[in-house]
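Inspection log for the structure reproduced underneath, given as structure tokens.
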Amino acid sequence: MRNPVYISSVGSVSPQNTLDNALFLDEIVLYDSSTLKIIAPNYKEFIPPAAARRMAKGIKMSTASAKTAMAEGQIEENEIDAIIVGTGLGCIGDSEKFVKDIIDNDEQYLTPTRFIQSSHNTVAGQIALGMGCKGHNFTYVHAAVSFESSIIDAKMQLEEGEAQHILVGGVDELVAHHEDSHRLIKHIKEEPTETMALLKSKSKGAVFSEGANFFVLSNEKRDSAYSQLVAIETFNTISQEKIAQKVSDFLTVNEISASDIDLIVLGNNGDVDFDGYYDQLSEGIFNNTPQAYYKHLSGEFDTASAFGFWLGNKILKNQRVPKAVQLNSIEPKKLDTILLYNQYRGENHSLVLLKKC
Amino acid sequence: MSRGVAITGIGVISAIGNNAKENHASLISGKIGISKISQIETIHKDEIMVGEIPTLNHELEKQLGLSEDEYSRTPMIGIVAVQEAISSAGITDINDCKCGLISGTTVGGMDKSEQYFYDYFQNEEHWNHITGLNAGDSTNKIAAYIGLEESFVTTISTACSSAANAIMLGARMIKSGQLDRVIVGGTDCMSKFTLNGFKTLMIQSDTYNTPFDENRKGLNLGEAAAYLVLESDKIVSRDNKEVLAYVKGYGNANDAYHQTASSEHGDGAVLAMEKALKVAALPSEAIDYVNAHGTATPNNDLSEGRALLRIFGDKVPEFSSTKAYTGHTLAAAGGVEAVYSVMALQNNIIYPNLNFKTPMKEFDLLPETEVKEKELKTVLSNSFGFGGNCSTLIFSKEA
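Chains G and S, in that order, are what the protein sequence lines are. Using our numbering, you'd call the opening residue of the first sequence number 184 and step up by one each time. Using our numbering, you'd call the opening residue of the second sequence number 2 and step up by one each time.
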């Protein structure tokens, strides 16, 4: 008998005001840009200022997000059995600076801090160090399924009773060289795009961004619980023609059908070349299902789907779908079961099934 | 929970050989792969020694049918090792069951990113490498090359324990029934980035590394790729597979002591070994040989040695570090040493810890310094990394 898995608490640092868990997208911050930055938390509330000075941005925003989730779930540091982080590029700001220093200074006068913080598992390691957590400590770095890989790992441990509470998060920084180089290959939109007009842009590329979304997953239902994590699966490839069938297969395995889905949360990023995957579902088997999207608020980054996971959880707990994320005009009759689907540039697809608890 | 995790295929490319057979031959003949650096232009080339794979990029491109400068070296050597592992497992259709790929890497496509960092803005010739910095890109390229589709594919980056953790996740997914088959391991090529990074930490040796020696001067960086094919009991019996060994135990723990250094008494290492023994349901006396992490840095070997003493007391089994042969291959190290552990079990041989002369003053641990024949049933392999990451795998002949 496998234990059920619950999302006990959440913490989100994003380009929106999401860190205060008492709020839920009550006021949307509107942008007109092709890149977004996080709204910086008041780091002093989470990190001693002396320590914060040396820290990479990714570590700082993860700490704020993780500590918010831990506080909300009233989970003590010594109750966390494992820390699992997903990140596409880790503390890429430090990696870029280290490469730049190597080239500009002809391999001389280098200092270790930037190299050390470049290690992809710096965030997970630093959080463990800060909490004195000696448990399982993994970091997944597989682009758009980095976060989902972390959730899969956590779910397996919680179901089998190897852990009771696991801190899981997704984090990525947006920094200069990464942005500039991705502009060259047009993965970033050439024109600034208004927040609420992202899906009407009909242009190539995405609005790039950053963020840190952390969660405590538990195999017991806490008072703060947001949802039950029913199922999650990832796929390296799927063709547009087969996506609807894959989703149906996933639902069948979990003994439900498309009509049981009260809301589908889609990862549309306004890229005219790849949003067709979402259209296959929103205009196909989920044509009559209430639909939501979020990347106009979070922007696109390797772990943006962790913001989608945050959104799904907030919707189930608050039992409402904020107007700003509604993708169609169908009102949900109830909000018991939510399906999340995400992909990036046709690769690294993920499906997540959440249930009200 | 009594499902076995069978190892049915192995593949490795390192400084001491392009496949498992060549690696074994080098290991038993004492042929080391450490030399002056030849393939990367660096001002440090006279100060450090490394373990390079002799095959050049253009040779790998030709071997794999790739065009010039198409892929980073990381996925290329990864493909070589994965192909060997698949072929050694006798797999003809990779998609004939629920199959996954889990790869560890730390540098990913950094070799190309550092080369074209400014060049990208001068001309478009190398833009194919812009997305290659994303570590997952190397894994997706390997998956695409072997034709793995609509499958669980992910990448782990926990510094020098990455491949060990990939093996651990794969074993857990087979046990829990989520996958029938999974290819697990890691790949890391040499880069200026890591050479200079370890240089700033002042833990690179200017001569041959000497694991567990009192006068050790640090590590030699190496490059390698190594993978195992893990299969469920169901697939083993369906395909009537020869089983090379089993993944019997695994454990990961965090030292929670320092971002780059191991704790003085090896707390994380002790926890990882304890967990692995518990999963394997074996007492410490059941371990016949330990393939140590043994990087030959002052800090690692002291911490690991103390951890071994804490686990095994005065009955520390024969142990050796094979890094004197290969150098420290970072993310790939746990994969390389997993392959070596399996070959040790297959051949009933303990590979020697080369370059050892003087015991460390802190304890009287003596690694095996000669090839030793011994009936082996169970081998324990350690891998530790930055961020306090400590991993232990236990391999056995019996399920």
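Glycine residues also receive a C-beta, built at the ideal position from the N, C-alpha and C atoms. Bear in mind the structure is a predicted one, so any value in this text is a computation, not a measurement.
Per-residue DSSP class, three states only, for residue i
{"i": "glycine 171 (chain S)", "result": "helix"}
{"i": "phenylalanine 490 (chain G)", "result": "helix"}
{"i": "asparagine 19 (chain S)", "result": "coil"}
{"i": "histidine 266 (chain S)", "result": "coil"}
{"i": "methionine 2 (chain S)", "result": "For methionine 2 (chain S), the predicted structure reports a pLDDT of 40, less than 50, and the residue's modelled location is therefore unreliable. The matter cannot be settled from this model."}
{"i": "glycine 276 (chain G)", "result": "helix"}
{"i": "phenylalanine 398 (chain G)", "result": "strand"}
{"i": "methionine 50 (chain S)", "result": "strand"}
{"i": "leucine 213 (chain G)", "result": "coil"}
{"i": "aspartate 365 (chain S)", "result": "coil"}
{"i": "alanine 239 (chain G)", "result": "coil"}
{"i": "asparagine 261 (chain G)", "result": "helix"}
{"i": "glutamine 205 (chain S)", "result": "strand"}
{"i": "valine 244 (chain S)", "result": "coil"}
{"i": "aspartate 234 (chain S)", "result": "helix"}
{"i": "tyrosine 72 (chain S)", "result": "coil"}
{"i": "leucine 220 (chain S)", "result": "strand"}
Assigned exposure category for residue i - 16 Cβ within 10 Å defines buried
{"i": "proline 131 (chain G)", "result": "The structure shown does not extend to residue 131 (chain G), since chain G is modelled only from 184 to 540, so the question has no answer here."}
{"i": "threonine 208 (chain S)", "result": "exposed"}
{"i": "glutamine 93 (chain S)", "result": "Looking at the sequence provided, one finds threonine at residue 93 (chain S) rather than glutamine. Counting Cβ neighbours within 10 Å, threonine 93 (chain S) comes out exposed, since fewer than 16 surround it."}
{"i": "histidine 303 (chain G)", "result": "buried"}
{"i": "threonine 195 (chain S)", "result": "buried"}
{"i": "methionine 2 (chain S)", "result": "Confidence is the limiting factor: at methionine 2 (chain S) the pLDDT is only 40, short of 50, which leaves the residue's position unreliable, though a coordinate-based value still follows. The residue in question, methionine 2 (chain S), is exposed, as its Cβ has fewer than 16 Cβ neighbours within 10 Å."}
{"i": "lysine 372 (chain G)", "result": "buried"}
{"i": "glycine 388 (chain S)", "result": "buried"}
{"i": "alanine 475 (chain G)", "result": "buried"}
{"i": "lysine 142 (chain S)", "result": "buried"}
{"i": "proline 55 (chain S)", "result": "exposed"}
{"i": "phenylalanine 122 (chain S)", "result": "exposed"}
{"i": "isoleucine 356 (chain S)", "result": "It is asparagine, not isoleucine, that sits at residue 356 (chain S) in the sequence shown. Looking at its Cβ environment, which holds 16 or more other Cβ atoms inside 10 Å, asparagine 356 (chain S) is buried."}
Listed by chain order, chain S residues near residue i by CB distance under 8 Å
{"i": "asparagine 304 (chain G)", "result": "Ser158, Thr159, Ala160, Gly386, Phe387, Gly388 and Asn390"}
{"i": "proline 320 (chain G)", "result": "Sequence check: residue 320 (chain G) is asparagine here, not proline. Those are Thr159, Asn253, Ala254, Asn255, Gly388, Gly389 and Asn390, listed as they occur along chain S."}
{"i": "isoleucine 286 (chain G)", "result": "Glu115, Phe118 and Tyr119"}
{"i": "lysine 429 (chain G)", "result": "Glu151"}
{"i": "methionine 339 (chain G)", "result": "Arg173, Met174, Ser177 and Gln179"}
{"i": "histidine 348 (chain G)", "result": "In chain order: nothing, as chain S lies at least about 15 Å away."}
{"i": "isoleucine 368 (chain G)", "result": "Trp128, Ile131 and Thr132"}
Cβ of residue i within 9 Å of any chain A Cβ
{"i": "histidine 294 (chain S)", "result": "In the displayed structure, chain A is absent; the protein chains listed are G and S."}
Neighbouring residues, chain G, relative to residue i (Cβ below 9 Å)
{"i": "valine 154 (chain S)", "result": "His325, Val328, Thr417, Phe418, Asn419, Thr420 and Asn531"}
{"i": "glutamine 260 (chain S)", "result": "Ile299, Gln300, Ser302, Thr305, Gly308, Gln309 and Leu312"}
{"i": "leucine 272 (chain S)", "result": "Lys317 and Gly318"}
{"i": "glycine 178 (chain S)", "result": "Within chain G, no residue comes near glycine 178 (chain S); the closest Cβ sits about 10 Å away, beyond 9 Å."}
{"i": "alanine 144 (chain S)", "result": "Asn419 and Thr420"}
Within chain G, the residues that residue i reaches when beta carbons sit closer than 7 Å
{"i": "alanine 136 (chain S)", "result": "His303 and Val324"}
{"i": "threonine 201 (chain S)", "result": "Leu293, Thr294, Pro295 and Phe298"}
{"i": "leucine 170 (chain S)", "result": "Asp336"}
Partners in chain S for residue i, counting only beta-carbon separations shorter than 9 Å
{"i": "valine 282 (chain G)", "result": "Met111, Ser114, Glu115, Phe118, Lys193 and Phe194"}
{"i": "histidine 479 (chain G)", "result": "Simply none; closest approach about 23 Å."}
{"i": "glutamate 601 (chain G)", "result": "Given that chain G is displayed from residue 184 to residue 540, the structure contains no residue 601 (chain G) and the question cannot be resolved."}
{"i": "leucine 544 (chain G)", "result": "Nothing about residue 544 (chain G) can be reported from this structure: the residues present for chain G run from 184 to 540 only."}
{"i": "serine 488 (chain G)", "result": "The premise fails here: serine 488 (chain G) is roughly 14 Å from chain S at the closest Cβ pair, so nothing lies under 9 Å."}
Chain-ordered neighbours of residue i on chain S, where CB pairs are closer than 7 Å
{"i": "valine 332 (chain G)", "result": "Per the sequence shown, residue 332 (chain G) should be read as serine rather than valine. Ordered by position in chain S, the residues that pass the 7 Å Cβ test against serine 332 (chain G) are Thr155."}
{"i": "serine 245 (chain G)", "result": "Residues of chain S passing the Cβ test: none, with the nearest at roughly 13 Å."}
{"i": "serine 364 (chain G)", "result": "Tyr121 and Ile131"}
Per-residue contacts from residue i into chain G (C-beta, under 8 Å)
{"i": "threonine 140 (chain S)", "result": "His325"}
Within the region 285-335 of chain S, ranges of the beta strand (DSSP E) (whole runs, at least 3 residues): 290-292 and 319-321
Cβ pair count under 8 Å reaching 3, the region 257-276 of chain G against the region 335-351 of chain G: They touch, by the three-pair rule.
Three or more C-beta pairs below 8 Å linking the region 450-460 of chain G and the region 293-306 of chain G: Between the region 450-460 of chain G and the region 293-306 of chain G there are fewer than three inter-stretch CB-CB distances shorter than 8 Å, so the stretches are not counted as touching.
Inter-stretch contact (C-beta, 8 Å, three-pair minimum) for the region 384-401 of chain G and the region 508-518 of chain G: Segments in contact, no.
Length at least 4, wholly inside the region 283-365 of chain G: the alpha helix (DSSP H) runs in chain order: 295-301, 305-314 and 329-342
Sufficient close CB pairs (3 or more, under 8 Å) joining the region 163-172 of chain S to the region 225-233 of chain S: Output reads yes: the region 225-233 of chain S touches the region 163-172 of chain S.
Segments of 3+ residues assigned as beta strand (DSSP E) that fall wholly inside the region 82-114 of chain S: Counting whole runs of 3 or more residues, the region 82-114 of chain S contains the beta strand (DSSP E) stretches 100-105.
Beta strand (DSSP E) segments (min. 3 residues) lying fully within the region 122-187 of chain S: Segments of the beta strand (DSSP E) lying fully in the region 122-187 of chain S: 153-157.
At least three beta-carbon pairs within less than 8 Å, the region 199-213 of chain S to the region 134-153 of chain S: no
Stretch-stretch touch, CB-based, cutoff 8 Å, three pairs: the region 455-472 of chain G with the region 319-337 of chain G: No: the two stretches stay apart, fewer than three of their Cβ pairs being nearer than 8 Å.
Three or more C-beta pairs below 8 Å linking the region 427-439 of chain G and the region 359-372 of chain G: no
The region 330-346 of chain S in contact with the region 56-69 of chain S per 3-pair CB rule at 8 Å: no
The region 279-288 of chain G in contact with the region 220-231 of chain G per 3-pair CB rule at 8 Å: Because the criterion of three Cβ pairs below 8 Å is not met, the region 279-288 of chain G and the region 220-231 of chain G do not touch.
Length-filtered (3 minimum) beta strand (DSSP E) runs lying within the region 401-472 of chain G: 410-420 and 446-449
Touching by the beta-carbon criterion (3+ pairs, under 8 Å), the region 231-245 of chain G and the region 315-331 of chain G: Flag = no, the region 231-245 of chain G and the region 315-331 of chain G do not touch.
Stretch pair the region 143-160 of chain S + the region 97-109 of chain S: three plus CB contacts closer than 8 Å: yes
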